[in-house]
Amino acid sequence: MPLESVRFAVLGPVRVCRGETELAPAGPRERAFLALLLVRAGEPVGMDEIVDTLWETDPPRSAVNVVRRHVGSLRRLLEPGLASREEGRWLVRDAGGYRLLTDGDSLDLIRFRALRETAGRTARESPERALGLLTEALSLWRGPVAAGLPAATRAHPVFDAVDRERLAAVREAADAALRAGLPDTVLSELRQAATAHPLDEPVQAALILALAAAGRRSEALGVYDAVGTRLAGELGIDPGAELREAREAVLRENPGGHGAGVPGPAVRRTGAGGSDAPLPEHHEPSAPVSALEEAAAGPSAHPVPAQLPHDIPAFTGRGGELDEILALSGGDGAEPGGAPDTVVITAIGGMAGVGKTTLAVHWAHRVAGRFPDGQLYVNLRGYDPSGAVMEAGEAVRGFLDALGVPPDRIPHGLDAQAALYRSVLAGRRILVVLDNARDSDHVRPLLPGSPGCLTVVTSRDALAGLVAGHGAHCLTLRPFDTEQARALLVRRLGAARVEAEPRAADEITRLCAGLPLALACVAARAATHPHFALSAVAAELREAHGSLDAFARSDSSVDVGTVFSWSSRQISDAAARLFRLLALHPGPDFSLPAAAALAGLPVRRARPLLAELTGLHLVTEHSPGRHSFHDLLRAHAAELVEERHTDAERRAALHRLHHHYLHTAHAADRLLAPDADPPPPPPAPEGARPEPLADDGRALAWLTAEHAVLLAVVDSAATTGQERISCHLAWSLEPFFDRRGHWHDALAVQRTALDAARRLAEPVMEARALRGLARIEGRLGLHERSVPRLEEALELFTNLGDDTGRANTHRSLGWESEQRGDLPGALRHNQLALALFRAVGDRGAQASALNSVGWYHALLGEYRQALTHCFEALTTLQDLGDRYGQAATWDSIGYAHQHLGRHPHALLAYRNALALLEDLGAPYAEADILVRVGDTHRATGDEDGARAAWTRALALLRTLDHPDAERVHARLTGRDGQAGVC
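One point on numbering: in the working numbering, the residue at position 924 of the sequence shown is 931, and numbering is uninterrupted.
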């Protein structure tokens with residue numbers, strides 16, 4: 008039975024809900040413990056900090072035991088039925104303390120931070136969008152953080168820091184509102200913040216400027232006078248520069264509104280000024296520039312997606328339904344001013360094959376002109392027979408990509424992603440088509456949240472939840488009647504041909520049960536043979552014997568599977584065989600080379616067969632080079648492949664397909680990580696050919712396009728007796744997942760691989776699988792699990808005499824030692840790895856290990872030894888063309904120069920590393936280096952340059968949901984206490 012979702016809230020009173028039930032922690036101290044875990048937002052909390060927070064003074068000797076009892080109580084609260092000593096899913100031991108595993112889907116604080124970070128990145132280009140994001144972020148607050156806890160507990164600095172994040176967001180919202188010319192939208196929040204923080208000069212200055220911009224000049228000057236009096240009376244000081252500048256702007260009657268020339272209160276210098284030291288190539292400002300600069304820059308261009316599938320020129324038979332949906336959506340026409348002033352959702356329901364998608368797409372093309380900001384379309388595959396349903400998170404990420412949001416800026420967790428999506432749509436007029444939804448819950452995260460957008464949803468489900476909860480208009484399609492079906496045949500075959508044989512046309516309609524999909528298949532067959540009499544076509548159809556039990560109509564004796572069976576008989580034998588075998592594909596779609604592998608054919612021979620299937624509407628090319636089935640047709644193909652092919656034939660086809668993906672992924676792995684040690688895959692069977700990949704860019708593009716398919720293939724191989732392929736494929740995907748930060752996908756894949764390896768009962772496979780899973784667990788901070796796995800893997804590799812396996816495991820153990828602060832241990836593990844790589848003669852691995860040895864020398868303060876090792880590594884890596892390895896080595900060189908006080912040399916090395924990583928798509932590595940860039944700028948006195956680099960690093964880490972984000976945030980808020988590195 009799947010676990011119920013658990014949601015936490017700490018922005019206001021502490022709340023926790025399991026499903027729809029609110030849970031109550033047992034007493035104030037347990038609630039305070041939960042609040043502390045929540046404000047750490049997924050970070051480990053040490054036992055000392057827990058004790059200090061729960062007992063302000065004189066904790067009892069039993070404090071640690073009391074904490075452990077609270078841990079057990081919370082675990083059982085979150086997961087009823089959990090055994091007394093079982094760790095469970097949510098609250099885990101980590102770093103000598105405890106960590107609550109939360110993300111943007113489960114914790115409001117993480118979602119708030121994601122929205123704020125996204126607003127910071129968009130503030131310059133689109134203050135309106137930034138304002139929408141910040142407004143949504145502030146709406147998550149229901150009072151002070153952890154409201155209701157004792158005052159002494161809330162006085163802990165960690166709670167105060169989160170409250171100050173809210174204050175900073177209010178100031179940022181005020182700045183965005185001034186730039187957007189919408190000062191009234193933030194006055195309420197500003198007034199509340201100013202009342203709560205009467206001596207906070209930036210907040211008071213923001214309120215003064217917003218009041219003036221809203222036409223309340225006298226009130227603005229009154230606020231200044233009141234603040235000045237209070238500062239003098241309570242602190243004995245005069246107003247600071249920011250307050251004085253705000254007053255002067257009001258007196259000039261130019262408060263920094265839309266297009267005005269006076270900066271708003273949150274404006275600061277950008278990192279570009281005040282330093283002669285070189286900056287990273289893609290340096291970004293640390294804060295929004297002034298409204299004058301914003302106005303001078305002019306409007307920024309947004310991508311205008313145009314994702315609608317092709318309209319069907321022969322659309323017919325739905326005149327009444329089309330008129331109804333046009334009326335619901337505001338009528339026909341292409342006037343851009345005609346966009347609705349409310350959120351409009353139309354739900355089109357009906358049985359499979361009844362024409363829901365055709366109507367939705369045709370209607371969307373009719374009204375697309377009214378939506379100048381573009382059209383979004385996604386097939387959610389809610390009823391795909393393969394089970395490859397597109398989850399809402401994947402769809403949201405696809406929409407964000409189409410809307411121009413870079414992949415590394417998309418936050419982790421569905422809630423945060425959906426909030427970003429709604430914020431990007433705010434103020435824009437976009438048409439959204441959500442096709443083939445499973446149910447109402449499937450589409451809720453994809454619904455726009457602001458006026459101006461229009462959404463149409465298609466589903467076999469009645470979508471009652473959208474009707475009840477979102478005011479959706481519902482339209483249910485029924486099969487064509489005789490008149491509508493005849494109109495479709497006339498449109499596709501010509502009036503003369505249909506009128507010449509009306510009885511045959513009516514019989515075709517009856518045999519097709521009035522389903523447009525079935526009629527289209529028959530019409531395609533008849534159109535390609537214009538000399539065939541319709542009576543002959545009807546006779547062929549009548550004599551066909553197909554079946555499609557899962558989709559048979561309950562109110563009719565007609566079996567529409569007969570139509571599809573008949574259609575598949577009209578194609579060549581080779582195309583029919585391909586049609587059947589395609590049902591074995593486990594993914595949501597497929598490419599031509601994958602289809603060729605299933606059939607065991609060269610691509611040049613498979614291409615015309617796939618074109619034949621596409622021409623008869625049996626397969627759809629939904630995007631260039633990507634093909635899919637309608638789910639009815641896929642189900643029919645699955646029945647046929649079971650009937651017409653032996654078990655051995657089906658296994659052979661699937662074996663070829665698995666090898667096609669494995670060998671292509673292995674080639675991609677070698678391009679992305681030349682120094683890695685993936686074992687050679689098993690030999691491919693005849694007919695399984697990998698796709699050619701010219702370079703690492705092409706490899707990354709292939710992996711990105713096949714991402715969802717590859718996840719399905721790992722599972723498919725593991726569950727069909729091909730465990731070895733499952734393991735090899737999982738290991739080949741490691742560099743891709745690591746570069747793109749897809750660590751949660753990697754965790755699932757590596758768990759599958761370890762289970763498969765253990766079923767094989769081969770020590771070498773189990774050792775590699777243990778190391779693969781441990782690596783990703785370490786990335787996710789699960790060190791209590793990763794280290795024992797690595798130690799077990801090292802023992803297995805040692806017993807096997809596998810020096811390469813030992814060397815790579817030593818490197819992983821070295822990284823784990825670094826995470827624990829054991830730098831001598833980290834250096835020792837990497838020196839052992841280097842010796843082993845030299846013994847086996849692996850130049851690429853030697854170079855990578857040399858850089859690691861240099862890095863740990865640098866961390867130990869031995870900077871000149873570090874440079875010697877790293878420059879030796881760099882020479883080899885450049886000879887080998889390993890760009891990722893070069894980037895890592897430039898980073899090490901920069902770090903050594905930084906700590907030798909050679910700051911220009913350090914920044915140059917870091918810039919070289921960032922330039923390489925920008926092309927390679929490695930957001931975590933990029934963030935890690937940006938932290939050091941910021942530290943170097945701070946060492947030179949360039950605080951603006953430091954803030955800019957740390958801000959970029961923080962944005963990247965939070966989109967990856969990485970625990971290092973808090974340490975970078977501490978730098979930005981001055982809570983780090985030093986200028987050192989993470």
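Backbone N, C-alpha and C define an ideal beta-carbon position, used for all residues, glycine too.
Extract the residue ranges of the beta strand (DSSP E) inside the region 403 to 491, only unbroken runs of 3 or more that lie entirely within it. 438 to 444, 461 to 466 and 480 to 483
Please report the distance separating the alpha-carbon of G981 from that of G948. 15 Å
Of the residues S225, D971, L484 and A545, which one's Cα is nearest the Cα of L522? L484
Between the CA atoms of P609 and E693 - distance to the nearest angstrom: 10 Å
Which word fits N443, buried or exposed, when buried means at least 16 other C-beta atoms lie within 10 angstroms of its C-beta? buried
Minimum C-alpha distance to L438 - residue among D110, D380, S899 and A471: D380
Taking all protein chains shown into account, decide if A39 is buried (16 or more other Cβ within 10 angstroms of its Cβ) or exposed. buried
Would the beta-carbon of T109 fall within 9 Å of that of G49? yes
If we ignore side chains and look at the alpha-carbon of each, how far apart do Y870 and F878 end up? 12 Å
Burial state of A929, where buried means 16 or more other Cβ atoms lie within 10 Å: buried
Taking R136 as the reference, which of R186, H163, A760 and H751 has the closest Cα? R186
So if DSSP puts V52 in a beta bridge, which residue, or which two residues, is it bridged to? Y105
Do G188 and S457 have their beta-carbon atoms positioned less than 9 Å apart in this structure? no
Alpha-carbon spacing of P151 relative to A121, whole angstroms: 19 Å
What residues match up with Y384 in a beta bridge as DSSP calls it? V440
Delimiting residues of the beta strand (DSSP E) encompassing F877: At residue 877 the sequence reads Cys, which differs from the Phe that was named. Careful: C877 lies outside any beta strand (DSSP E), inside the alpha helix (DSSP H) at Y870 to L887.
Measuring straight from C-alpha to C-alpha, what distance separates E650 and D722? 25 Å
Cα-Cα, which of H969, A367 and A977 is closest to W957? A977
Just the C-alpha distance for H906 and L867, rounded to the nearest angstrom, thanks. 11 Å
Quick check on the DSSP output: the beta strand (DSSP E) that includes H317 runs from which residue to which? Here H317 belongs to no beta strand (DSSP E), and DSSP marks it neither H nor E.
Which residues in the same chain have their Cβ closer than 6 Å to the Cβ of A753, if we skip the five residues on either side of it in sequence? F744 and I783
Alpha carbon to alpha carbon, how far is V13 from A31? 13 Å
Using DSSP with H/G/I as helix, E/B as strand and the rest coil, what is I900? helix
Count the other CB atoms, across all protein chains shown, that sit within 10 Å of the CB of P287; report buried if there are 16 or more and exposed otherwise. For P287, the predicted model reports a pLDDT of 29, less than 50, meaning its position is unreliable; a value from the coordinates is still stated below. Per the 10 Å Cβ criterion, buried.
Residue closest to V474, alpha-carbon to alpha-carbon, out of D446, D488 and V975: D446
Comparing C-alpha positions only, which one of R388, L736, P970 and L664 sits nearest to H629? R388
Taking R758 as the reference, give the member of P742, A183, R747 and R775 with the closest Cα. R775
Just verifying my parser: in three-state terms, what is the DSSP assignment at P831? helix
Going by DSSP, what residue range makes up the alpha helix (DSSP H) through R850? R850 to L866
Count the other CB atoms within 10 Å of the CB of H536; is the residue buried (16 or more) or exposed (fewer)? exposed
How long is the line joining the alpha carbons of E973 and V257, rounded to whole angstroms? 38 Å
Proximity below 9 Å, CB of H477 to CB of L454: yes
Straight-line gap, L963 to R954 (C-alpha atoms, nearest Å): 14 Å
Three or more C-beta pairs under 8 Å: does that hold for the region 614 to 627 against the region 687 to 706? no
In chain order, what residues of the same chain have a beta carbon less than 7 Å from the beta carbon of E226, not counting five sequence neighbours either side? L218
Let me confirm a value: I732 is counted as buried when at least 16 other C-beta atoms fall within 10 Å, else exposed. Which label applies? buried
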